[in-house]
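Protein chains in written order, with the working numbering: chain A, 115 to 428; chain B, 115 to 428. For glycine and all other residues, C-beta sits at the position ideal for the given N, C-alpha and C. Only a predicted model underlies this, so the values are computations on that prediction, with no experimental measurement involved. One structure below.
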DNA sequence: TCGCGACAGGGTAGCGCTATCCCAGCATGA
DNA sequence: TCATGCTGGGATAGCGCTACCCTGTCGCGA
């Protein structure tokens, strides 16, 4: 029992004894059995992180930051990929909660009622990622996707454009919030035209961006600016424009979202929103750490903001 | 005990009883405790996968495929990111092996002696990914990176080019094997010039590709073809060429590696090697499944091959 | 001197499963 | 008839930790 306490650094053990126990453990190459630990304490040292995709580097950056904060504290990060599916998320939750994680980080607020109940009933501390809410007692770190979408659209408006399109894929909740920001910005100046929205449920990719851009121009030859919900789509559009001899930004302004790899050297360079996903990961993990230790956190909703990066494409 | 057997589907239990147990479990919302299971059986239902990076989508595709095979069999996939570091890999192995995984999938063969010994001593079935060896008793699924590098270079030679450069970043073992393929192909025709290799240890990215391409042209204005070790670098080079008015493929042929997202619609479209990483994941997971069940596998080294995809850039 | 609390250290009893042995019942063949 | 083996089902004893409680010692104030 004393050895257990010494190694875990809990309770009061003579520092000299702690040292001796450490040495003995090292000499014996002793490594605690996490299964036995979890069984005895009804709590594992793992933290579950649920993200909707690994193909979008936004979540890779986020996971990286989470790992950087939690690994040194001795937590195991379990990555769950929901593939943007409520059913898969529910399945993952069922599986992972059986492991009695110490904490959870989950993306967004939209999920099945069963998932919601499982999170609630588990009593496991949980921090929500990417989006914000002011519901009391809900811990979250994110940014207003709506405000960011609005900012992009307003920027396009300040450039004098009025026929501004919105092209999206994947159609996850955050994309739809950006769409809402786009709508509001245009409604404010009386320029909103629902016909200028193109929403594709397909998986986002550079190739899809090129294809959607081509379709879009055929349907709306008069468009003078397009806001793509993610940079990969916008990058594809820039390439397609190049191929078809459409001058960007002269003929059409192009804006993206997320500032992904390559957006700073595309041709032309892409105007976009830089989302601080590493900071989201870091702050969410730090907040979770406080919750897991039973502490109260100062601010339960942290807005990390966003940055409009104006480059040549708009 | 009978209930345990019924739910796990092992041993001989009357089918009618199995059904009754299932129903009772469902009614009670019973979920087995994985910690207790692991403690009692000295084996967890998790499989560890070690990859060197999540930023390279090659590994995302691979993980996806692995998950698709193992999840339905009831295995938990634990993702470990070694960040191309031997020390981190060693740390991860130490941590993960304590969980007594049922199996492991690890990338490549180059690792610290301590890591090698841990894998050996653990007795956990292990399949190596991405590369090939004909060492007996070693299970691996991959492709000859050397042959692939050679194929790209030979293709550039068939296009009549002789001053062929090689530009690489990250410099992981697989990149160096591609470099070796490049060298051999050129040596075969007496065109090898070590001065035409540019090896950067920096993290691979589109932006880096653009920067390296610029540097490279300044140092080697006479180069007539460049083989980039990864598509992101090559995509960056294409963009930089566009910016500087360098005509691809007329002035310089550009070839990449991996056929990543966007390479099929870059300007010009990128000639590259398509690596079947999803197949690697699938076959490695399937092989591991056999090993975990104690079965022998037919072929211990599976070569999934590669495909030269000839597009406009070369 | 004594009572009391603080403190370091340790004993005991599980946590929820499964490996292993055991047993009753039945069919089989010599 | 009985030894034999097979089959389905169950009893028992841990797996390696930690929560909880207990003991002995020491310092301090009354």
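Considering only DSSP beta bridges, list what residue i is partnered with.
| i | result |
| --- | --- |
| residue 190 of chain B | B:160 |
| residue 221 of chain B | B:243 |
| residue 417 of chain B | B:256 |
| residue 423 of chain B | B:386 |
| residue 486 of chain B | In this structure chain B extends from 115 to 428, so residue 486 of chain B is not present and cannot be described. |
Sort the options by Cα distance to residue i and report the nearest one.
| i | options | result |
| --- | --- | --- |
| residue 148 of chain B | A:144, A:153 and A:118 | A:153 |
| residue 400 of chain A | A:132, A:283 and A:253 | A:253 |
| residue 211 of chain B | B:185, B:177, B:146 and B:159 | B:159 |
| residue 344 of chain A | A:221, A:323 and A:242 | A:323 |
| residue 337 of chain B | B:235, B:319 and B:360 | B:360 |
| residue 286 of chain A | A:182, A:150, A:244 and A:214 | A:244 |
| residue 422 of chain A | A:269, A:282, A:248 and A:141 | A:269 |
| residue 199 of chain A | A:216, A:167 and A:272 | A:167 |
| residue 295 of chain A | A:144, A:284, A:320 and A:371 | A:371 |
| residue 318 of chain A | A:170, A:126 and A:118 | A:170 |
| residue 138 of chain B | B:124, B:117 and B:363 | B:117 |
| residue 365 of chain B | B:382, B:395, B:192 and B:284 | B:382 |
| residue 313 of chain A | A:279, A:332 and A:236 | A:279 |
| residue 218 of chain A | A:387, A:225 and A:233 | A:233 |
| residue 272 of chain A | A:203, A:249, A:299 and A:257 | A:299 |
| residue 307 of chain B | B:284, B:394 and B:293 | B:293 |
| residue 281 of chain A | A:175, A:368, A:225 and A:341 | A:341 |
| residue 188 of chain A | B:205, B:123, B:187 and B:175 | B:205 |
| residue 420 of chain A | A:225, A:261 and A:301 | A:261 |
| residue 414 of chain A | A:216, A:249, A:226 and A:146 | A:249 |
| residue 397 of chain B | B:259, B:290, B:125 and B:418 | B:418 |
| residue 236 of chain A | A:380, A:274, A:222 and A:156 | A:156 |
| residue 411 of chain A | A:144, A:251 and A:220 | A:251 |
Between which two residues does the beta strand (DSSP E) carrying residue i extend?
| i | result |
| --- | --- |
| residue 366 of chain A | Unbroken run through residue 366 of chain A: none, as it is neither H nor E. |
Please decide whether residue i counts as near chain A, where near means a Cβ-Cβ distance under 7 Å.
| i | result |
| --- | --- |
| residue 390 of chain B | no |
| residue 282 of chain B | no |
| residue 148 of chain B | yes |
| residue 429 of chain B | No answer is possible for residue 429 of chain B: the residues shown for chain B start at 115 and end at 428. |
| residue 285 of chain B | no |
| residue 229 of chain B | no |
| residue 320 of chain B | yes |
| residue 172 of chain B | no |
| residue 212 of chain B | yes |
| residue 458 of chain B | Residue 458 of chain B lies beyond the stretch modelled for chain B, which goes from 115 to 428, so this question has no answer here. |
| residue 223 of chain B | no |
| residue 193 of chain B | yes |
| residue 353 of chain B | yes |
Using a Cβ-Cβ cut-off of 7 Å, state whether residue i counts as contacting chain B.
| i | result |
| --- | --- |
| residue 378 of chain A | yes |
| residue 236 of chain A | no |
| residue 474 of chain A | Because chain A here runs from 115 to 428, residue 474 of chain A falls outside it and cannot be looked at. |
| residue 420 of chain A | no |
| residue 207 of chain A | no |
| residue 423 of chain A | no |
| residue 362 of chain A | no |
| residue 145 of chain A | yes |
| residue 327 of chain A | no |
| residue 141 of chain A | no |
| residue 356 of chain A | yes |
| residue 153 of chain A | yes |
| residue 324 of chain A | yes |
Between which two residues does the alpha helix (DSSP H) holding residue i run?
| i | result |
| --- | --- |
| residue 116 of chain A | 116–122 |
| residue 410 of chain A | Per DSSP, residue 410 of chain A belongs to no alpha helix (DSSP H) and is neither H nor E. |
| residue 141 of chain A | 129–142 |
| residue 307 of chain A | Looking at the DSSP string, residue 307 of chain A is not in any alpha helix (DSSP H), and its letter there is neither H nor E. |
| residue 181 of chain A | 171–184 |
| residue 236 of chain B | 227–236 |
| residue 201 of chain A | 200–211 |
| residue 148 of chain B | 148–155 |
_In chain order, what are the residue ranges of uninterrupted alpha helix (DSSP H) at least 4 long that sit wholly in the stretch 254–296 of chain B?_
259–272
*Pick out the complete alpha helix (DSSP H) segments inside the stretch 309–391 of chain B, 4 residues or longer, and give them in chain order.*
320–333 and 345–358
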